[in-house]
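Numbering (UniProt numbering), first residue to last: 1 to 412.
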């Protein structure tokens, strides 16, 4: 039976089963449904990331076949190439990339603030130098929403400030308060300008507060009180220890309004998905599943394996017995090992299909457990068998990826 339903134009959010975020509860997980002009989303749901209007190496049909109901696209990258006006001329992202389901676009703020010395921050917005050609751009809350209107996604996010780790309490407060002022400017711009009837959109607010529990709660209450359709939790998984990330989310969730969908930005390893669901989140996105797949990392119920390792050289079975993905139903681990070692393009496709299906199946299994009232047992069983990558290994890999991105930016 529906617990609560909220509607905004063609968008509707229904809570089917929820566990209130109180200290005595064994879980805060909930199962919900989001209605959009491009289809229904059943949560918890993982969103594959299509940074440049493509989930890397995969066709929209393959992403759909893996179980995806919504994808995320990146405003920063698309405004620079091919340009939001060009995409607009094709009828928006759905027509441009031939994705029939819902799309969420982020504000581009995380990417802009990752540019470091290539950007300048003021109250008006952020001026940055393109990593592609060095051209200067000013991104403001108003301009960001104009670009997102041209892109035509279903859900859009306003410009915010994502603090790096570590961050002083004063820096955290300054960034949070400016994010709040930008949020109010974004709301005014969003509701002031009429939307195209053929492209309705819903606006999410972004909760910040860096690594200060009190600021996280303050931001959750402030952003949650504004007329946003949904809420995104930003500024986590940016280098802080996992234990701190979960503690911050643990103090944030109770301060969020229950009647709005909750999106945990940029968090999406298998163990993070389960922990985030447990702490009351509905939507997740992350490049991790496809990125680690391209580097040889494939998810299994017992943890991530490196398909390039010698032990897979003659393995006749699939990467994981019982996996229903296209890759495991059709190819041996030995074949994937060969493709990965030879750096064949087909490996990137097959590895990405496997990891996306793993994440989307895991989210579907979590939803079924919530509906059945057995999520705590499901959570405990999964976390007992899944061995996550070590904190050190994660940070070393993250540093390599950031270094490569910085090198590309400097050479452009």
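Even for Gly, the Cβ is constructed at its ideal location relative to N, Cα and C.
Helix, strand or coil for residue i, going by three-state DSSP, please let me know.
| i | result |
| --- | --- |
| residue 336 | helix |
| residue 294 | helix |
| residue 129 | strand |
| residue 419 | Any question about residue 419 goes unanswered here, given that the chain covers just 1 to 412. |
| residue 179 | helix |
| residue 1 | In this prediction, residue 1 has a pLDDT of 42, which is less than 50 and means its spatial position is unreliable; what the coordinates show is noted afterwards. Coil, per DSSP. |
| residue 7 | strand |
| residue 370 | helix |
| residue 274 | helix |
| residue 409 | With a pLDDT of only 49 at residue 409, under 50, the local geometry of the prediction cannot be trusted, and the value read off the model is given with reservation. Helix, per DSSP. |
| residue 186 | helix |
| residue 22 | coil |
Mind checking which residues open and close the beta strand (DSSP E) that includes residue i?
| i | result |
| --- | --- |
| residue 299 | 297 to 300 |
| residue 304 | 303 to 306 |
| residue 12 | 11 to 18 |
| residue 30 | 30 to 36 |
| residue 281 | Where residue 281 is concerned, there is no enclosing beta strand (DSSP E), given that its DSSP letter is neither H nor E. |
Please look up how many angstroms separate the CB atoms of residue i and residue j, rounded, as I've assumed it's under 8 Å.
| i | j | result |
| --- | --- | --- |
| residue 151 | residue 84 | 5 Å |
| residue 226 | residue 183 | 7 Å |
| residue 340 | residue 307 | 5 Å |
| residue 137 | residue 128 | 6 Å |
| residue 208 | residue 235 | 5 Å |
| residue 259 | residue 4 | 6 Å |
| residue 27 | residue 278 | 5 Å |
| residue 17 | residue 31 | 5 Å |
| residue 12 | residue 19 | So it is not a contact: roughly 22 Å between Cβ atoms. |
| residue 53 | residue 72 | Not quite, the Cβ-Cβ distance comes to about 11 Å (not below 8 Å), so this is no contact. |
| residue 261 | residue 10 | Residue 261 to residue 10, Cβ: 15 Å. No contact. |
| residue 415 | residue 105 | Beyond the ends of the chain as shown, which are 1 and 412, falls residue 415; an answer cannot be given. |
| residue 144 | residue 75 | 7 Å |
| residue 413 | residue 363 | Look at the range of the chain in this structure, 1 to 412, and you will see that residue 413 is not part of it. |
| residue 389 | residue 304 | 6 Å |
| residue 57 | residue 332 | The pair is not a contact, with the Cβ atoms about 20 Å apart (cut-off 8 Å). |
| residue 70 | residue 103 | 7 Å |
| residue 355 | residue 292 | 7 Å |
| residue 301 | residue 386 | 6 Å |
| residue 280 | residue 23 | No, residue 280 and residue 23 are not in contact; Cβ-Cβ is about 13 Å, not under 8 Å. |
Would you kindly report the start and end of the unbroken alpha helix (DSSP H) that includes residue i?
| i | result |
| --- | --- |
| residue 380 | 375 to 385 |
Less than 7 Å separating the Cβ of residue i from some heavy atom of the ligand ZN?
| i | result |
| --- | --- |
| residue 45 | As far as ligands go, the structure on display features none, and thus does not contain the ligand ZN. |
Does the count of Cβ pairs from the segment 241 to 249 and the segment 270 to 282 closer than 8 Å reach three? yes
Stretch-stretch touch, CB-based, cutoff 8 Å, three pairs: the segment 356 to 364 with the segment 279 to 296: yes
Identify every run of the alpha helix (DSSP H) within the segment 314 to 366, keeping only runs that are complete inside it and at least 4 residues long; order them along the chain. 326 to 330 and 333 to 342
The segment 186 to 201 / the segment 140 to 158 touching (three or more Cβ pairs under 8 Å): yes
Starting from the N-terminal side, write out each stretch of the beta strand (DSSP E) that is 3 residues or longer and does not extend beyond the segment 202 to 263. 202 to 207 and 230 to 233
Segments of 3+ residues assigned as beta strand (DSSP E) that fall wholly inside the segment 96 to 146: 103 to 105, 119 to 121, 126 to 129 and 136 to 139
Return the chain-ordered ranges of every alpha helix (DSSP H) run that is complete within the segment 39 to 108 and spans a minimum of 4 residues. 60 to 65, 75 to 80, 84 to 89 and 93 to 97
Take every Cβ of the segment 246 to 255, pair it with every Cβ of the segment 212 to 224, and state whether three or more of those distances are shorter than 8 Å. yes
At least 3 beta-carbon pairs within less than 8 Å: the segment 199 to 209 vs the segment 229 to 239: yes
Could you check whether the segment 94 to 106 touches the segment 60 to 67, counting it as contact only if at least three pairs of C-beta atoms, one from each stretch, sit closer than 8 Å? yes
Measuring CB atoms only, is the segment 287 to 296 touching the segment 39 to 58, in the sense that at least three cross pairs come out at less than 8 Å? yes
Quick one: any contact between the segment 325 to 345 and the segment 378 to 389, if contact means 3 or more CB pairs under 8 Å? no
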